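Take the sequence shown: its letter number 11 is residue 13 in the working numbering, and every next letter is one higher.
From the three backbone atoms N, C-alpha and C, an ideal C-beta is built for every residue, glycine too.
A quick note: this is a predicted structure, and the numbers were derived from the prediction, not measured.
Note sheet for the following structure.
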Amino acid sequence: MSKVPVPASLRRRLAATLYDGLLLLALWMSTTLLTVVVTDAAGLPRPPDLLRALLILVAFAFFGWSWTHGGQTLGGRAWKLRVETPAGTLINWPTAMLRFTAGITWIPLGVVWSFSSADRRALHDVIAGTRVVRVMEDEAA
């Protein structure tokens, strides 16, 4: 018997995003601290663009790794959500990059888009060809 995936509700997606945001904040704080310590110890200037690029890279590494290795971030695990292709498989790195880039570029529009989407896909999901589904209890094991 095949199971039809249940699209994630906006409430669950926002809750998972809050969890991931807190974890990302901790990663960014650690990255900033490490950058400050290393550049100060070496007597190097700290160009703001370098730090911005590092923070974006850290964010992409966190989300990209999570999406390509299990389909779930920490927030996704807590709220039983998974990012996948329409075929139900894990996404690859190029798709993760497209989803990440579209997501950070059009955050408010992506949320509004999910209200009008019958399958609750945000704009970055449509652009990247992904979906966020609920993980059912028997799949979580």
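request  = Report all residues from its chain with a CB closer than 7 Å to the CB of residue 53; omit the five preceding and five following residues, and keep chain order.
outcome  = Position 51 of the sequence shown holds residue 53. So the list reads 34, 37, once near-sequence residues are dropped.
Close beta carbons around residue 10, own chain, < 7 Å, minus the five adjacent residues each side = For the purposes of this step, residue 10 is taken as the residue at position 8 of the sequence shown. Excluding sequence neighbours, residue 10 sits near 83, 122, 134, 135, 136.
task = Kindly identify the DSSP beta-bridge partner or partners of residue 49.
result = Indexing the sequence shown from 1 puts residue 49 at position 47. Partner(s): none; residue 49 has no beta bridge.
request  = Please name the residue in 32, 46, 58, 5 whose C-alpha comes closest to that of residue 105.
outcome  = As a first step, residue 105 must be located in the sequence shown, where it is residue number 103. Ranking the options by Cα distance to residue 105, first place goes to 58.
request  = Would you mind giving the Cβ-Cβ distance between residue 85 and residue 73, rounded to the nearest angstrom? I have them listed as a contact below 8 Å.
outcome  = Mapped onto the sequence shown, residue 85 falls at position 83. Mapped onto the sequence shown, residue 73 falls at position 71. Going by Cβ atoms, the distance from residue 85 to residue 73 rounds to 5 Å, so yes, they are a contact pair.
ask   = Where does residue 79 sit, in a helix, a strand or coil, going by DSSP?
value = Numbered from its first residue, the sequence shown carries residue 79 at position 77. DSSP places residue 79 in helix when its eight states are reduced to three.
ask   = Taking the alpha-carbon positions, what's the residue 64 to residue 7 distance?
value = Indexing the sequence shown from 1 puts residue 64 at position 62. Indexing the sequence shown from 1 puts residue 7 at position 5. For residue 64 and residue 7, the distance between alpha carbons rounds to 25 Å.
query = DSSP on residue 96, reduced to helix/strand/coil?
reply = Counting from one through the sequence shown, the residue named residue 96 turns up at place 94. DSSP places residue 96 in helix when its eight states are reduced to three.
ask   = Given a threshold of 16 other Cβ atoms within 10 Å of its Cβ, counted over all protein chains shown, does residue 107 qualify as buried or as exposed?
value = Position 105 of the sequence shown, counting from 1, holds the residue named residue 107. Counting Cβ neighbours within 10 Å, residue 107 comes out exposed, since fewer than 16 surround it.
ask   = In terms of alpha-carbon separation, which member of 66, 117, 103 lies closest to residue 92?
value = By one-based count along the sequence shown, residue 92 stands at place 90. Answer by Cα proximity: 66.
inquiry  = On a Cα-Cα basis, can you pick out the residue from 18, 29, 111, 96 that is closest to residue 80?
reply    = What you label residue 80 is simply residue 78 of the sequence shown in a count that begins at 1. Closest option to residue 80, Cα to Cα, is 18.
query = In chain order, what residues of the same chain have a beta carbon less than 7 Å from the beta carbon of residue 29, not counting five sequence neighbours either side?
reply = In the sequence shown, residue 29 corresponds to position 27, counting from 1. Excluding positions up to five away in sequence, the list reads 60, 64.
inquiry  = Classify residue 143: buried if its beta carbon has 16 or more other beta carbons within 10 angstroms, exposed otherwise.
reply    = Mapped onto the sequence shown, residue 143 falls at position 141. For residue 143, the pLDDT reaches just 48, beneath the cut-off of 50, and the residue's location in the model is therefore unreliable, leaving the point undetermined.
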